[in-house]
Ligand SMILES: *Cc1c(COP(=O)(O)O)cnc(C)c1O
């Protein structure tokens, strides 16, 4: 069996031990005689899986008791609408920091349901940095303040959280969930599509402070009301059963490794291997300013499109796949999520050094 080093931005690499365990349990989940894919979501055996997944989110992320943990569908993209529909209920205003395409989509969607304000943007330099924020520009009576914590396409991350006072801070953590500790109590809502760092596509994690539930706009579809899902423990309708099960296995793996503090340490070490190489290379260079760099997504370029294309092609042939950059940045992007082993990055860097030498 030949497994490649998969640098895809999402869906992305999963821990091999998780895939093996899922394979082992495929036909007969723990003596139930069924696959998790086949069992009733109302069964006792499945209830243990979903409750176990919730308990692991709470434990690993240290979720305070006054927050609900929901497993929804529709991807992070549905949250772009669900958040304004539920939260724009007083001033009907919200603030946004535009740090890339996902943040901009969240802003545009909110503008359909209320007044969406841009407090800062890094569009002027192709979103290659996190803009400095000036608190005096924040909307005092905003119903929420939205950021995209880790910008998957551009490879930036908020190193510091904005101080929004009493205004609920809402963050898209799709591509950094479980990668390092996060102080949940600083947020009104955290949300993440699972397929970057948590499991397969199909499940969306939402962590929401309880007082933000129950005041959705009149027009809100039942399925888009957080109340619907929180009152029914994510079981109003059929949840994404199998994706939740895999996410549970992934979280067990994270826990076994030592939790999020340990994950952060491993991720910092791993990212440093690549950034150090990029900062010393004469051919390759990182596109993001140092203080805004992501631990998870690392875009880089040679400055020559033909050389970029040659690199991506030769890398794929050597077993380093999905390195082509997003079309809006060009060049390359290595997504090095939790499940990418450090050897994958070390070998990639060796390959890059050899390529540089051969093409100097
Ligand atoms: C991938 C991604 C999304 C979109 O997620 P879907 O689950 O495809 O809707 C949103 N935000 C961020 C930060 C992402 O990385």
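Numbering (the working numbering), first residue to last: 3 to 362.
Backbone N, C-alpha and C define an ideal beta-carbon position, used for all residues, glycine too.
Q: For the stretch 82–137, list the beta strand (DSSP E) runs that are entirely contained and at least 3 residues long, ordered along the chain.
A: 95–100 and 117–123
Q) Can you tell me whether residue 245 is buried or exposed, with buried defined as 16 or more other CB within 10 angstroms of its CB? A) By one-based count along the chain shown, residue 245 stands at place 243. Result: buried.
Q) In three-state terms, what does DSSP make of residue 153? A) Looking up residue 153 in the chain shown gives position 151. Reduced to three states, the DSSP call for residue 153 is strand.
Q. Does the stretch 154–167 come close enough to the stretch 121–133 to have 3 or more Cβ pairs within less than 8 Å?
A. yes
Q | residue 361 burial status per 10 Å Cβ neighbour count (16 or more: buried) | A | Taking the chain shown and counting its residues from 1, the one referred to as residue 361 is at position 359. Residue 361 should be labelled exposed.
Q) Can residue 256 and residue 62 be called in contact, C-beta distance under 8 Å? A) Locating residue 256 in the chain shown gives position 254, where the first residue counts as 1. Locating residue 62 in the chain shown gives position 60, where the first residue counts as 1. Cβ distance < 8 Å, so residue 256 and residue 62 count as in contact.
Q) Span of the alpha helix (DSSP H) holding residue 313? A) The count along the chain shown starts at 1 and reaches residue 313 at position 311. Segment 307–319, the alpha helix (DSSP H) holding residue 313.
(Q) Quick check: what's the CA-CA separation for residue 236 versus residue 298? (A) Working through the chain shown from its first residue, we reach residue 236 at position 234. Working through the chain shown from its first residue, we reach residue 298 at position 296. Each residue's alpha carbon lies about 29 Å from the other.
Q.
To the nearest angstrom, how far is the alpha carbon of residue 34 from that of residue 47?
A. Start at 1 with the first residue of the chain shown, and residue 34 comes out as number 32. Start at 1 with the first residue of the chain shown, and residue 47 comes out as number 45. The straight-line gap from Cα to Cα measures roughly 8 Å.
Q. CA-CA distance, residue 23 and residue 57?
A. Locating residue 23 in the chain shown gives position 21, counting from the first residue. Locating residue 57 in the chain shown gives position 55, counting from the first residue. For residue 23 and residue 57, the distance between alpha carbons rounds to 20 Å.
Q) Which one or two residues does DSSP pair with residue 158 in a beta bridge? A) Counting from one through the chain shown, the residue named residue 158 turns up at place 156. Looking at the DSSP assignment, residue 158 forms a beta bridge with 153 and 295.
Q | Residues whose Cβ lies closer than 6 Å to any heavy atom of ligand 1, in chain order | A | 12, 77, 78, 79, 104, 150, 154, 174, 176, 177, 195 and 198
Q: Check each candidate in 150, 128 and 109 and name the one with the smallest Cα separation from residue 329.
A: Working through the chain shown from its first residue, we reach residue 329 at position 327. The option with the nearest alpha carbon to residue 329 is 128.
Q: Just the C-alpha distance for residue 64 and residue 185, rounded to the nearest angstrom, thanks.
A: Residue mapping note: residue 64 aligns to position 62 of the chain shown, counting from 1. Residue mapping note: residue 185 aligns to position 183 of the chain shown, counting from 1. Between residue 64 and residue 185, the C-alpha separation is close to 8 Å.
Q: From the DSSP output, in three-state form, read off residue 43 for me.
A: Locating residue 43 in the chain shown gives position 41, where the first residue counts as 1. Coil at residue 43, not helix or strand.
(Q) Do residue 325 and residue 319 count as a contact pair if the criterion is CB distance below 8 Å? (A) Position 317 of the chain shown, counting from 1, holds the residue named residue 319. Position 323 of the chain shown, counting from 1, holds the residue named residue 325. Cβ atoms of residue 319 and residue 325: not closer than 8 Å.
Q. Where residue 290 and residue 29 are concerned, what is the direct C-alpha to C-alpha distance, given to the nearest angstrom?
A. Taking the chain shown and counting its residues from 1, one reaches residue 290 at position 288. Taking the chain shown and counting its residues from 1, one reaches residue 29 at position 27. C-alpha separation (whole angstroms): 46 Å.
Q. Looking at C-alpha atoms only, which residue of 323, 131, 103 and 66 is the closest neighbour of residue 191?
A. Within the chain shown, the letter at position 189 stands for residue 191. That would be 66, whose Cα lies nearest to the Cα of residue 191.
**Q.** 8 Å Cβ shell around residue 226 - same chain, five flanking residues per side excluded
**A.** Here residue 226 refers to the residue found at position 224 of the chain shown. Closer than 8 Å at Cβ, skipping near neighbours: 80, 83, 84, 87, 88 and 218.
Q.
Give me the residue from 181, 281 and 202 with the minimum Cα distance to residue 263.
A. In the chain shown, residue 263 corresponds to position 261, counting from 1. Taking only the C-alpha atoms, the option nearest residue 263 is 181.
Q.
Is the beta carbon of residue 140 closer than 8 Å to that of residue 172?
A. The count along the chain shown starts at 1 and reaches residue 172 at position 170. The count along the chain shown starts at 1 and reaches residue 140 at position 138. In this structure, residue 140 does not lie closer than 8 Å to residue 172 by Cβ.
Q. In this structure, what does DSSP give as the bridge partners for residue 20?
A. Counting from 1 along the chain shown, the entry for residue 20 is found at position 18. Partner(s): none; residue 20 has no beta bridge.
Q: Would you mind working out which of 176, 205, 327 and 198 sits nearest residue 105, comparing C-alpha positions?
A: Position 103 of the chain shown, counted from the first residue, corresponds to residue 105. Comparing Cα positions, the closest option is 176.
Q) Among the residues of its own chain, which have a CB less than 8 Å from the CB of residue 107, if the five just before and after it don't count? A) Numbered from its first residue, the chain shown carries residue 107 at position 105. Correct list, in chain order: 79 and 82.
Q. How many whole angstroms separate the CB atoms of residue 197 and residue 333, which I take to be in contact at a CB cut-off of 8 Å?
A. As a working note, residue 197 is residue 195 in the chain shown. As a working note, residue 333 is residue 331 in the chain shown. Not a contact, Cβ separation roughly 23 Å.
(Q) Counting C-beta neighbours from all protein chains within 10 Å, is the total for residue 269 16 or more, i.e. buried, or is it exposed? (A) Mapped onto the chain shown, residue 269 falls at position 267. With 16 or more other Cβ atoms within 10 Å, it is buried.
Q.
Between 243, 55 and 212, which has its C-alpha nearest residue 37's C-alpha?
A. Locating residue 37 in the chain shown gives position 35, where the first residue counts as 1. Minimum Cα distance to residue 37 is reached at 243.
Q. Which first and last residues belong to the alpha helix (DSSP H) in which residue 261 is found?
A. Position 259 of the chain shown holds residue 261. 261–282 is the extent of the alpha helix (DSSP H) around residue 261.
(Q) Three or more C-beta pairs under 8 Å: does that hold for the stretch 107–117 against the stretch 195–209? (A) no
Q) Between residue 158 and residue 101, which are expected to be in contact by the criterion C-beta below 8 Å, what is the C-beta distance as a whole number of angstroms? A) Position 156 of the chain shown, counted from the first residue, corresponds to residue 158. Position 99 of the chain shown, counted from the first residue, corresponds to residue 101. Contact holds; Cβ gap of about 6 Å.
Q.
Can you tell me which residues form a DSSP beta bridge with residue 148?
A. By 1-based counting over the chain shown, the position of residue 148 is 146. Answer by DSSP bridge pairing, in chain order: 98 and 172.
Q. For residue 218, does the three-state DSSP call read helix, strand or coil?
A. Your numbering for residue 218 matches position 216 in the chain shown. Coil, per DSSP.
Q.
Under 8 Å: do the stretch 346–361 and the stretch 270–284 share three or more Cβ pairs, one atom per stretch?
A. yes
Q.
On a Cα-Cα basis, can you pick out the residue from 294, 233, 293 and 53 that is closest to residue 249?
A. Numbered from 1 along the chain shown, position 247 holds the residue referred to as residue 249. Measuring from the Cα of residue 249, the nearest candidate turns out to be 53.
Q) With C-beta atoms as the reference, is residue 145 less than 8 Å away from residue 187? A) Residue 145 sits at position 143 when you count from the first residue of the chain shown. Residue 187 sits at position 185 when you count from the first residue of the chain shown. Result no, Cβ atoms of residue 145 and residue 187 do not sit closer than 8 Å.
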